[in-house]
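When we follow this note's numbering, the leftmost residue of the sequence shown carries the number 38, and every step to the right adds one. Think of the CB as a built atom: it goes at the ideal place given N, C-alpha and C, for glycine as much as any other residue. Below you'll find the structure, written out as structure tokens, and then a few comments.
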Amino acid sequence: MKKLVVFLFLLVPLFFGCDIYNNPIPYVKVDFTIYPNDVMYHQLINYGGYVYLTGGVNGIIVYRLDDWTFFAYDRACPHDFENPDSWLYVAPDGLRLVDSLCGSTYNILDGSVLSGPSLYPARKYNTRFDGVRLRIYS
Numbered sequence: 038m039k040k041l042v043v044f045l046f047l048l049v050p051l052f053f054g055c056d057i058y059n060n061p062i063p064y065v066k067v068d069f070t071i072y073p074n075d076v077m078y079h080q081l082i083n084y085g086g087y088v089y090l091t092g093g094v095n096g097i098i099v100y101r102l103d104d105w106t107f108f109a110y111d112r113a114c115p116h117d118f119e120n121p122d123s124w125l126y127v128a129p130d131g132l133r134l135v136d137s138l139c140g141s142t143y144n145i146l147d148g149s150v151l152s153g154p155s156l157y158p159a160r161k162y163n164t165r166f167d168g169v170r171l172r173i174y175s
């Protein structure tokens, strides 16, 4: 019985853990590298720094949490991503993503919905930082 419970527990993430299927934003292949210490990305030198980049569906927001942790989100709002006037941006407090059109807000650390009409989290991309290069990929 214990083995069955453990097996079922391990299967749950396969069905519910991937937001590709739970998010209305279309899947777009993303795979590029930036150098956070480059002058071009000087906003990423400090913790809490962020930059807006091209790519994804409506662009990408890259946010630096600490020495080794970066988050990347598509700027498309899951609630109204088809509207060209809808863009996610980093709130002045630096802790939330906000949609310019519907007003939905998202946690900048995991993309989860904090408020507003959106039912889905922000589209998150994978990041890998080796101390010099930051790879952003889907």
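Counting the other Cβ atoms within 10 Å of the Cβ of L146 gives fewer than 16, which makes it exposed. Taking C-beta atoms as the reference points, C139 and S152 fail to come closer than 8 angstroms. With fewer than 16 neighbouring CB atoms inside 10 Å of its own CB, G168 falls in the exposed class.
For the options Y64, T142, I62, Y110, the alpha carbon positioned closest to that of N163 is the one of Y110. Ranking N60, I62, V88 by CA distance to the CA of L171 puts V88 first. F69 is positioned such that its CB atom lies no closer than 8 angstroms to that of G86.
In this structure, DSSP gives Y78 a helical state, which the three-state scheme calls helix.
Annotated three-state conformation of Y87 is strand, per DSSP. The continuous beta strand (DSSP E) containing T70 extends over residues 68–71.
Listed as beta-bridge partners of N59 by DSSP are no residues whatsoever.
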